[in-house]
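Have a look at the structure below, then the notes.
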DNA sequence: TGCGTTCTGTGCGTTGGCGAACAGACCCGG
DNA sequence: CCGGGTCTGTTCGCCAACGCACAGAACGCA
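Protein chains in written order, with our numbering: chain A, 1 to 253; chain E, 1 to 253.
So this is what it looks like as structure tokens:
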């Protein structure tokens, strides 16, 4: 259990040059991220940024009438707290852990110091921001033009890409609230996907058995987002074998 | 006609400290922006950034099937080309002039040089980016949860805020394509608003006669966006009386 | 093993928005 | 002042998604 966690599991951290990584590493704090944990509350002050490793976090906007929609998901490919980088101390969005796991958090000031050096960290994180903007925009269009079933496919695939396994622990109710649709709508769409043999599910567990099948149903939005991430962050998955010594020493912080 | 145009009509340019402004000013190029002009094509390489003064530009995403939605509008409060700043040389979005007028453009390299000094220009533009992200996100939620009529109100008000007058030159067809809805839907919604006495229109012209009335119908999304812009860019509308000598000399560039 | 909770399936009626089609109104240019 | 193109108003059928309500199934805990 001691060497399971490594900041390099997060692709952004892994992509940092050694010098930058070494400066940040002492301040990275491993934390459990439990299903339902609220990382940011709408309008709240941002104290930390988060780099998920095994967890997935959903960023969404909530309306006065209680309706809401996910506008982006963040897993080990990204970070939470972009609005800090942008200079807003808060954000109108809400960030909730959607799949339990772990991640590293960093006090805002440390990242900002690094960011303000205007070096590789700034450039990397801005490119990530650009990818995030694409994801949000595509979500907006998708919300308007595509069916619940298509959107479910998109969401499943995007989530799957962030998971090590092909099973997601997730109720239909929860998925519905992510997509901003009715639970029954998800039930129906999921039923179709199951009858096609693409997925199987039971009470809170969805297993993707035919990923290629899902891809035949999904709308272009999925591919647009993936492509843009790949384009902007192609260099990001490289570095894996970095020595973990520096961090294990402060994992308990 | 000679002193009508001034870069300070754009709020971002106006908010720059003198030193930064003076460095950029020689490279600002006044250009007409005509209705329908395409500033950025989806996937195209970005050569310039644009600071609208009297024009309004619509940023939208287009789907394979031809459907599309505006994800943000940019007028004299902002700039086009955020993805350049983010380090992506292109963007999957499309930018089209929605209301004819003027603006200043700047070769990408000049802004990037300034941006990379990591001074006030960077900070200002990042905060603008954050505001833009809010606008996109709120649009995504709005697309999902609010009626065409509410969205029309939101769109009218946001557009109105960027115009000097209370009349917009705009066909219902065009508005429909912005919102990503049917033209008939706009006709119906606009009809209601007119019967309430909030607006009046005739073939391609909409006049807002009761702005307060519109605000009673609009969804919260409008206010959220406005508030966030105000919060992030409150210092931006200040400087107005800056000497225009430096620019008039190169207006013809 | 049994019980309560939570999740899923299903069946209503309702509705907002879509798609297509067409008539009338308006405007501009010749 | 006329005519053609464009914009607007309206209709009708259709369907996806909504909201509500309830029954059955699965699971977890005692």
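Just so you know, even glycine gets a beta-carbon here, dropped at the ideal spot from N, CA and C.
Being a predicted model, the structure only gives us computed values, none of them experimental.
For residue 81/A and residue 49/E, the gap between their C-alpha atoms comes out near 26 Å.
A distance below 6 Å between beta-carbons, with the five flanking residues on each side excluded, links residue 222/E to the following residues of its chain, in chain order: 154 and 157. A distance below 8 Å between beta-carbons, with the five flanking residues on each side excluded, links residue 119/A to the following residues of its chain, in chain order: 20.
Under a 10 Å Cβ-count criterion, residue 47/A is classified as exposed, with fewer than 16 other Cβ atoms of the shown protein chains found around its own Cβ. From the listed residues 116/E, 187/E and 34/E, the smallest Cα separation to residue 206/E is found for 187/E. Contact between residue 37/E and residue 97/E is confirmed by a C-beta separation of about 4 Å, below the 8 Å threshold.
Chain-order list of chain E residues neighbouring residue 140/A: 69, 71, 136, 139, 140 and 143, by C-beta distance under 7 Å. DSSP places residue 168/A in the strand class (E or B) of the three-state scheme. Annotation: residue 129/E to residue 150/A spans about 30 Å, alpha carbon to alpha carbon. At least one CB atom of chain E sits nearer than 8 Å to the CB of residue 87/A.
Contact with chain E is found for residue 93/A, since one of that chain's Cβ atoms lies less than 8 Å from the residue's Cβ. Inclusion of residue 41/E and residue 94/E in the CB contact set at 8 Å is warranted, their separation being smaller than that value.
Uninterrupted beta strand (DSSP E) stretches at least 3 residues long and entirely within the region 47 to 84 of chain E occur at 48 to 52, 56 to 62 and 68 to 74, given in chain order. In the DSSP assignment, the residues bridged to residue 95/E are 40/E and 59/E. For residue 118/E, the nearest beta carbon of chain A is closer than 8 Å to its own beta carbon.
Residue contact check for residue 61/A against chain E: a CB pair falls below 8 Å. Beta-bridge pairing by DSSP links residue 222/A to no other residue. Nearest to residue 91/E by alpha-carbon distance, out of 208/E, 61/E and 231/E, is 61/E. Remark: C-beta atoms of residue 166/A and residue 76/A do not approach each other more closely than 8 Å. With contact defined as three or more Cβ pairs closer than 8 Å, the region 175 to 184 of chain A and the region 208 to 223 of chain A are not in contact. For residue 16/A, there is no enclosing beta strand (DSSP E), as DSSP marks it with neither H nor E. The beta carbon of residue 31/A lies closer than 6 Å to those of 105 in the same chain, with the five residues before and after it left out. Remark: C-beta atoms of residue 143/A and residue 143/E approach each other more closely than 8 Å. In this structure, residue 87/A lies near residue 127/E, with their beta-carbon atoms less than 8 Å apart. DSSP places residue 204/E in the coil class of the three-state scheme, outside both helix and strand. Only those residues of the region 154 to 184 of chain E whose C-beta falls short of 9 Å from the nearest C-beta of chain A are listed: 179, 180 and 181.
Listed by position along chain A, the residues whose Cβ is nearer than 9 Å to that of residue 232/E are 86, 87 and 88. Counting of Cβ neighbours within 10 angstroms places residue 146/E among the buried residues, the total reaching 16 or more. Apart from sequence neighbours up to five positions away, the residues of its chain that approach residue 204/E with a beta-carbon distance below 7 Å are 169, 170 and 171, ordered along the chain. Neighbours of residue 127/E across chain A, judged by C-beta separation under 8 Å: 86, 87 and 88. Its Cα nearest to that of residue 160/E, the residue 208/E stands out among 63/E, 208/E, 114/E and 139/E. Comparing C-alpha distances from residue 192/A to each of 164/A, 163/A, 57/A and 152/A shows the shortest one belongs to 152/A.
Chain order gives the chain A residues near residue 123/E as 87, where near means a beta carbon separation below 7 Å. When DSSP reads this structure, residue 30/E sits in a beta bridge with 104/E. In the three-state reduction of the DSSP assignment, residue 23/A falls in the helix class, which pools H, G and I. The residues 15, in chain order, have a CB closer than 8 Å to that of residue 235/E in the same chain once the five nearest residues on each side in sequence are set aside.
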